[in-house]
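Report on the following structure.
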Amino acid sequence: MRSYAIGDVHGQLERLRAAHDWIAADRAACGDAASPVIHLGDLVDRGPDSCGIIAYLMAGRDAGAPWIFLQGNHDRMFAGFLNDPFRQDPGLRSELSWLHPALGGIATLASYGVALPADRPLALVHSEAVAQVPGAHRAFLAAMAPFHRRGEALFVHAGIRPGIALADQSPDDLCWIREPFLSDTSDHGFLVVHGHTAIPEAMHYGNRLNIDTRAGYGGPVTPVVIEGRQAWRLGPGGRSPLPPMGPV
């Protein structure tokens, strides 16, 4: 069973387009038009064109592309701000907000034509954002799934809490978790394919595969193809194997 996945995008539309081109080339080589492409979330923030990314993905979905969209913590914070500008996401440190310069929400609003909010009242920024972000984009954000299970892989934005059944996982953990997930070496019963924790290049740890390759900080958007628990990175030259670092 073949699946494709794309890691954290963070407003980098041209890098996302390139990732889809590499997937299309692999599809052509395999004669595969049906296997899904799972986007692991964090479509928005930090990069220059979050609006363009959502429009591009909606257009592909509406044209019948087998694309699946998972909710990342940045997507959730964007949607939460549109619903309530004073909402504090449970996964975010109390001294921060989505409009803090470190989080990239200002770049997302700018992509929708909302003026930089630094010296304007929050209520004014919010009302302008609600007016500028299309309702279809808000519906897209609301419909993002918390995870996707396919074959021997579980696709999720951040990871899972070890030892907890999938049905009992907290939505906050699925969007935000790092520890104890990252240091856990046990077999979860499936390969966990995730992003959220930025690393220089995609890594297969045996029980999990991290494909957040720092697009929010100038790195690439990384697509992979997964067959069973085997994985390959996709690029302009085709597939590059991603062998496990060692036994779980």
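The numbering of the sequence shown is my numbering, which starts it at 117 and goes up by one. Just so you know, even glycine gets a beta-carbon here, dropped at the ideal spot from N, CA and C. Since the model is a prediction, treat every value here as computed from it, not as a measurement.
With fewer than 16 other CB atoms across the displayed protein chains lying within 10 angstroms of its CB, residue 232 is exposed. In the three-state DSSP reduction, residue 243 falls in the helix class (H, G or I). Take residue 352, set aside five residues on each side of it, and no residue of its chain has a beta-carbon closer than 6 Å to its own. Annotated as proximal: residue 214 and residue 197, with beta-carbon spacing under 7 Å. Between residue 131 and residue 337, the beta carbon gap of about 4 Å places them in contact (Cβ cut-off 8 Å). Cβ atoms of residue 297 and residue 268 stay farther apart than 8 Å, at about 18 Å.
Boundaries of the alpha helix (DSSP H) around residue 130: 129-146. Leaving aside the five residues that flank residue 300 on each side, the residues in its chain whose CB is nearer than 8 Å to its CB run, in chain order, 278 and 323. In this structure, residue 326 lies away from residue 342, with their beta-carbon atoms at least 7 Å apart. Within its own chain, the residues whose Cβ lies closer than 8 Å to the Cβ of residue 304, once the five positions on either side in sequence are excluded, are 270, 276, 278, 323 and 324, listed in chain order. Residue 310 has its alpha-carbon roughly 25 Å from the corresponding atom of residue 180. DSSP links residue 351 through a beta bridge to 354. Straight through space, the alpha carbons of residue 212 and residue 149 are spaced by roughly 43 Å. A Cβ-Cβ separation of about 6 Å places residue 161 in contact with residue 223 under the 8 Å criterion.
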